[in-house]
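Asks:
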Amino acid sequence: MSAATLKPRLSFLFISTLFLFFSSCRVTLVPPYDADMAGEISKTAKMVDKFYITMMEKTKNENNGRTYEKFSDQYIDIEVELNSLLYKNKVKPLNAHSTRICEITLQLWNKYKEEHKTDNELSDGLIRLNRKYLSDLFYAMQVAEEGKKIAAAPTN
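The numbering of the sequence shown is my numbering, which starts it at 386 and goes up by one.
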């Protein structure tokens, strides 16, 4: 084989090798999975769920059974947990999506709290609706955290 025909073949082989090398590499900029964070998300979701189930099952709007005052301590406890989730997500690098989900959850929680404070009652329908929306957001938080575990797992 002459040098004239060998050079194009080596160039083609080199370029093909580079193409295969770079096309098989993947850079994923995702924060690492945090089992403690997943546990805190689950704990806070349970607190919210219990809050609404208890309100629905043990109280009625009649006779001021669902006044804001009766639930204000629980609102505070849950808001503290949501703030904690938000702060922990904010300090992690590359964690914008999880942080945004926490921000939305906290904003919605505060909106629901203010509505309850203003109206000083909460209907069964609103309890179901608030619980469902917040449940969906906690699900999104858990999926985002689990996605980090999946992204970190080596692919074969």
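Glycine is no exception: its CB is placed at the ideal position from the N, C-alpha and C atoms. Fair warning: this is a prediction, and the values are worked out from it, not measured in the lab.
Between which two residues does the alpha helix (DSSP H) holding G450 run?
Replies: Here residue 450 is taken as the residue at index 65 of the sequence shown, counted from 1. Neither: G450 is in no alpha helix (DSSP H) and is coded neither H nor E.
Asks: Near T484, what residues of its chain come up, given a Cβ to Cβ distance below 6 angstroms and the 5 sequence neighbours on each side ignored?
Replies: As a working note, residue 484 is residue 99 in the sequence shown. N474 and K475, listed in sequence order.
Asks: Touch check for the region 517-526 and the region 446-461: three-plus C-beta pairs under 8 angstroms?
Replies: Flag = no, the region 517-526 and the region 446-461 do not touch.
Asks: Looking at the secondary structure, which residues open and close the alpha helix (DSSP H) in which A465 lies?
Replies: The residue given as residue 465 occupies position 80 in the sequence shown. At residue 465 the sequence reads Val, which differs from the Ala that was named. That run of the alpha helix (DSSP H) goes S457 to K475.
Asks: How would you call R451, buried or exposed, if buried means at least 16 neighbouring beta carbons within 10 angstroms?
Replies: For the purposes of this step, residue 451 is identified with residue 66 of the sequence shown, where counting begins at 1. Buried is the call here.
Asks: Three-state secondary structure (DSSP) at V433?
Replies: Sequence index remark: in the sequence shown, residue 433 carries index 48 (1-based). Helix at V433.
Asks: Throw me the rounded Cβ distance for the F436 and I463 pair, which I believe falls under 8 angstroms.
Replies: As a first step, residue 436 is located in the sequence shown; it is residue number 51 there, counting from the start. As a first step, residue 463 is located in the sequence shown; it is residue number 78 there, counting from the start. The pair is a contact, with the Cβ atoms about 6 angstroms apart (cut-off 8 angstroms).
Asks: Would you mind listing the alpha helix (DSSP H) stretches within the region 477-507 that are 4+ residues and don't spill past its ends, in chain order?
Replies: Entirely contained in the region 477-507, the alpha helix (DSSP H) runs reaching 4 residues are, in chain order, 481-504.
Asks: From the DSSP output, in three-state form, read off V528 for me.
Replies: Here residue 528 is taken as the residue at index 143 of the sequence shown, counted from 1. Correct three-state label for V528: helix.
Asks: Within 10 angstroms of its Cβ, does L470 collect 16 or more other Cβ (buried), or is it exposed?
Replies: As a working mapping, residue 470 is identified with position 85 in the sequence shown. When all chains shown are included, L470 counts as buried.
Asks: Tell me the rounded alpha-carbon separation between A538 and F456.
Replies: On the sequence shown, residue 538 is found 153 positions in, with the first residue counted as 1. On the sequence shown, residue 456 is found 71 positions in, with the first residue counted as 1. One C-alpha to the other measures close to 43 angstroms.
Asks: With a Cβ-Cβ cutoff of 7 angstroms, do E530 and M422 count as a contact?
Replies: Counting from one through the sequence shown, the residue named residue 530 turns up at place 145. Counting from one through the sequence shown, the residue named residue 422 turns up at place 37. Result yes, Cβ atoms of E530 and M422 sit closer than 7 angstroms.
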